[in-house]
Every structure is written in C-alpha cells, then in structure tokens.
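Student: Position 199, counted from 1, in the sequence shown is what the working numbering calls 199; the numbers after and before it change by one each time, with no gaps.
Think of the CB as a built atom: it goes at the ideal place given N, C-alpha and C, for glycine as much as any other residue.
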Amino acid sequence: MSTNAEIAERLFPEAIPAGDMADRTYKIINLKAQNFLKLKAVDITPGENPVIEITGKNGAGKSSVLKAIWSVFANREISKEMPAPIRTGEESGSVSVDLGDMIVTRSWTGSDSYLRIENKSGAVYRSPQSLLDKLKTSLSFDPLAFTRMDKKEQRATLLKIIGVDLDALDREREGYFTARTEANREVKLLSAQLEPLQGLPVDTPNEEISAGDLISKIREAEQNNRKIAQADQEIAAREQRIIQLETELRDARLLLEKEILARDSMKEINITDMESQLKNIEDINKQVQKRRTFENLAAKMTEAAKRSDSLTEKIDDIDQAKKEALNAATLPIPDISISPDGITYRGIPLSQCSAAEQIRVSVGMGAALNPGLRVLLIQDGSLLDTESRKIIEDLAKEQDMQVWIETVDEAGSSGILITDGEIL
1 MSTNAEIAER LFPEAIPAGD MADRTYKIIN LKAQNFLKLK AVDITPGENP
51 VIEITGKNGA GKSSVLKAIW SVFANREISK EMPAPIRTGE ESGSVSVDLG
101 DMIVTRSWTG SDSYLRIENK SGAVYRSPQS LLDKLKTSLS FDPLAFTRMD
151 KKEQRATLLK IIGVDLDALD REREGYFTAR TEANREVKLL SAQLEPLQGL
201 PVDTPNEEIS AGDLISKIRE AEQNNRKIAQ ADQEIAAREQ RIIQLETELR
251 DARLLLEKEI LARDSMKEIN ITDMESQLKN IEDINKQVQK RRTFENLAAK
301 MTEAAKRSDS LTEKIDDIDQ AKKEALNAAT LPIPDISISP DGITYRGIPL
351 SQCSAAEQIR VSVGMGAALN PGLRVLLIQD GSLLDTESRK IIEDLAKEQD
401 MQVWIETVDE AGSSGILITD GEIL
C-alpha cells in the first residue's frame, strides 16, 4: 500500500523527473484554445515543420493564436497586456499547450485566472508558475518587429537582453557633465573679470590707507618739529645771553649742555612721503581694492578649475565603467556590438545592413531570449518577402526553433487558415 507521502508526490510532483528545466529545451507539440480573444475553438498540431504559418483575413483571429501561446507562458504581464482575454459573450476561456513532457493550461473565468501543469500521467505540479519561470522564455520578442525599430530602440532592447543597465550610469554621467559645464562657465567668467585687474603696481599696499590716521601722524610730526624749532630759538637766546652775561656763563653753559643733550635725543621726521600719500590716498586705496578683488577672483577661478578637473575624472570613470560593463556582457550572437547610437553587426550599423542580415540578427536574438522554450512568434508576416521567409525557415532549422508566423491570406492557399475564430 502506498504511503500518504508517495501519493502526494505522485499527485503533486515538485519538478519534472527528467531533470532541471533550465537544462532542457521544449517545442509546442499541440495548441488548443477555446473562447480566447477572437478564437472560438482551435486545435493545432505543428508537426516537424519549423515554421507554422497562421493565415486568414484581418480580424479573423490570427493574432489571437500567437497571443494564446504568449498568454500561457506569461506571468504578471497578462493582466496588464490582456485585461479581457475571454471571447466576447462567453463566460470562460482557456489555452492549453502540449510541450511533450507536460501540458500547460491557463484558463479564465470572469476576472479570475488559473494555471495548471500536468505530466503525461496526469500528475499536477504544485508550483506551476515557478516551473514556467525556469524556461527562461521571452515570447514578447518579435524578430520582425525588431528589424523595424529605430536604432535607439534596438540598442535598448539588446541591452535589456544582455542585462546591462546603462541608464543609471548615463544619469550619473549627465549630472557630472552638467556640474562640469557650470564649473567651466565659472572659470571663463572669473578669467574675464581678472583680465582688467592685471598689471597692478608692485608697491600697492595690502590694506587701504586711512586718511584720518595719516593726518593724525602729520599733526604729531608738525608738533614735534615745532618743538625742535622752539628749542633752536632757545639755544640761540641762551648763547646771546652768555655773550651778554659773562657772569652767568657757568650756569648758562650747564643749561646749554642739558638743552643740547635734549635736542640731540630728538629725531626729525620727514613728512614728505606722508604728504604725498595723503595727496594720492584715493588712488592708492582703489589699487588696494583692485588687488583684493584680483586675489579673490583668482582663488575662485582656481577652485572652479579644480572642480572641473574632478568632474572630468568622474565622467571618464563612468565612461570606462560603461565600456567594462559592455565588454563583460555576453552578447546573444557573434559579430554584434553596441555603440553609443545603436547596434552594429560586423562593424556596420544594423539599420544599414541588408534585410537578410537584419533578420539573421533578430532571429538570433530571439533564440537567445528563449533558451528553454524554442518558440518565436512573428506578427505582420505578410511583410516578409520570399527571400526573408526562406532565411527565417533556414535559421529556424539551424537554431532548432519553432517559428509561428501570422500572415494575411483570404484564400488560405498556405498555412493554417483561421476564419471567424476557427480553423477551416
């Protein structure tokens, strides 16, 4: 008798017994859709042909077939991209895809969505969405639509594929670039302001001269000089007194000696320079102010230049980081690279490559995006000429891919004809 654990394991297996899904590849063996978008009921078994053409009139439900495949493997994208998946007038809808080892079914009732995965024995898996996530699929990538993107959109798509985010680095670089531009503008402005201040006299003082202080010094000097003149007069009088009064000679000589000593201790002050400064004080002070302005502007210019150099280093570091990020990234196909303006193939901008080369690059990227589920969906397949169609078929075989293409053909001369949501 089986234990409860064995019964639970059979009914709710954790993973595919054959191994990790990340190491396996899958194709669609059978597709069933009922009451999904414009589809009533379709049942498609692709067979061995790598290219499955879905054709019919516009509005017949061709696009709904491709969207049905996408809806099964999508996750949170479904509610955003497809808010009303049930066919108008119906209460429920479902899409089922047979991948060989397992059958994946997504169904809708009202506003509720359900996902179910079971193996060939009928055992239901416990965590269906996490199981699908291991497929590493991106069915939203349309190779044909990629060839019609402009070069900026193609570049952004490829960066997303290889997992390199340059936007944050670009935003940081833009901030440094703007700051450096401002610093350079400040350097230029300060340099222009410094120009007329060049050539100041070498003897320009560092501080403005105070007229009041200089006048006070002149007054003191004049008073000092008056004392000297007065002393000279007194000496002369004493000398005359000596001549006249011989009897007082001794006392007069003693007094004379004292006065001579006092006179010798005095120093005459030359006021010519101070008077000259007083006369030119306004010009001198203007020169002092110019010198101070010059020194301030020179210091600011030096600081702005240093800031500009620092920002240049940061911009160079970011540019180098972007190069290293791109060099370290694993590109999905050989000979493809990313330039600042877009994508190049063998050194040539992708928009200038031949149609065949553009399709080869696009299908190669689609294959890289879907390493587990080897399925590509292409809308607007009617835009493909015979040569482009042949290239896609050859690449599908070469890359072991299954390509579902939507075309417009009212006669249904080729492919699976959809009419009013059903296969005829």
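Does DSSP classify Lys267 as helix, strand or coil?
Tutor: Looking at Lys267 - three-state DSSP - the assignment turns out to be coil, as it is neither helix nor strand.
Student: In this structure, what does DSSP give as the bridge partners for Phe36?
Tutor: Answer is Leu39, Ile86.
Student: Assess contact between the stretch 99–106 and the stretch 148–165, defined as three or more Cβ pairs (one per stretch) separated by less than 8 Å. Is contact present?
Tutor: The answer is no - the stretch 148–165 does not touch the stretch 99–106, with fewer than three Cβ pairs under 8 Å.
Student: Find the nearest neighbour of Thr45 within the set Glu53, Ala367, Gln198, judged by alpha-carbon distance.
Tutor: Residue Glu53 is the option with its Cα nearest to Thr45.
Student: Thinking just about the alpha-carbon of each residue, which of Pro371, Phe36, Ile392 is nearest to the one in Thr494?
Tutor: Not covered by the structure: residue 494. The range shown for the chain is 1 to 424.
Student: Can you tell me the Cα-Cα spacing of Leu350 and Gly342, whole angstroms?
Tutor: Leu350 and Gly342: Cα-Cα distance of roughly 8 Å.
Student: How should Ala192 be labelled, buried or exposed, when 16 other C-beta atoms within 10 angstroms of its C-beta is the threshold for buried?
Tutor: That one is exposed.
Student: Round the Cβ separation of Leu197 and Lys286 to the nearest angstrom and send it over; I've been treating them as touching at under 8 Å.
Tutor: Actually they are not in contact, since the Cβ atoms of Leu197 and Lys286 sit about 11 Å apart, beyond 8 Å.
Student: In the structure shown, what three-state DSSP assignment does Pro349 receive?
Tutor: Pro349 falls in the strand class under three-state DSSP.
Student: If you draw a straight line from the alpha carbon of Ile7 to that of Met401, how long is it in whole angstroms?
Tutor: Residue placement at Ile7 is poorly supported in this model, since its pLDDT is 40, which falls under 50; the coordinates still yield a value, given next. Using only the alpha carbons, I get a separation of about 37 Å.
Student: Do you know offhand how far Gly61's Cα is from Pro85's?
Tutor: So the two alpha carbons sit approximately 13 Å from each other.
Student: Which of the three DSSP states is assigned to Ile333 in this structure?
Tutor: The answer is coil: DSSP assigns Ile333 none of H, G, I, E or B.
Student: Give the secondary structure of Met102 by DSSP, where H, G and I count as helix, E and B as strand, and everything else as coil.
Tutor: In the structure shown, Met102 sits in a strand (DSSP, three-state: E or B).
Student: Thinking just about the alpha-carbon of each residue, which of Arg116, Val97, Gly415, Asp319 is nearest to the one in Val51?
Tutor: Closest by alpha carbon: Gly415.
Student: Quick one, which of Ala33, Ala367, Asp380 has its alpha-carbon nearest Ser96's?
Tutor: Ranking Ala33, Ala367, Asp380 by Cα distance to Ser96 puts Ala33 first.
Student: Given this structure, state the Cα-to-Cα distance separating Lys188 from Arg307, to the nearest angstrom.
Tutor: Those two C-alpha atoms are separated by around 13 Å.
Student: If you draw a straight line from the C-alpha of Lys80 to the C-alpha of Ser71, how long is it?
Tutor: Their Cα atoms are separated by approximately 11 Å.
Student: Tell me, to the nearest whole angstrom, how far the beta carbon of Asp68 is from that of Leu31; I am working on the premise that it is less than 8 Å.
Tutor: In the sequence under discussion, the amino acid at residue 68 is Ala, which differs from the Asp named in the question. The Cβ separation is near 7 Å, so the contact holds.
Student: Would you please state the rounded distance, in angstroms, between the beta carbons of Pro332 and Ala368? I believe it to be under 8 Å.
Tutor: Between Ala368 and Pro332 the Cβ distance is about 3 Å, and since that is below 8 Å, they are a contact.
Student: With C-beta atoms as the reference, is Val408 less than 9 Å away from Ser382?
Tutor: Contact: yes.
Student: Would you check if there are 3 or more beta carbon pairs closer than 8 Å linking the stretch 155–174 to the stretch 306–323?
Tutor: They touch, by the three-pair rule.
Student: Between Ser339 and Ile359, how many whole angstroms is the CB-CB distance? I'm expecting something under 8 Å.
Tutor: Incorrect: roughly 21 Å between the Cβ atoms, too far for contact.
Student: What's the gap between the Cα of Gln399 and the Cα of Gly364?
Tutor: One C-alpha to the other measures close to 8 Å.
Student: For Leu326, which residues of its own chain have a beta-carbon under 6 Å away from its beta-carbon, when the five flanking residues on both sides are left out?
Tutor: Answer for Leu326: Ile338, listed in chain order.
Student: Based on the DSSP output, what are the partners of Trp404 in its beta bridges?
Tutor: Answer by DSSP bridge pairing, in chain order: Ile52, Leu377.
Student: Using the Cβ count rule (16 or more neighbours within 10 Å means buried), how would you classify Thr178?
Tutor: Exposed: under 16 other Cβ atoms inside 10 Å.
Student: In whole angstroms, what separates the C-alpha of Leu39 from that of Glu90?
Tutor: Taking the straight line from one Cα to the other gives about 11 Å.
Student: Distance, Cα to Cα, Ile405 vs Val361?
Tutor: Straight-line Cα distance between these residues: approximately 17 Å.
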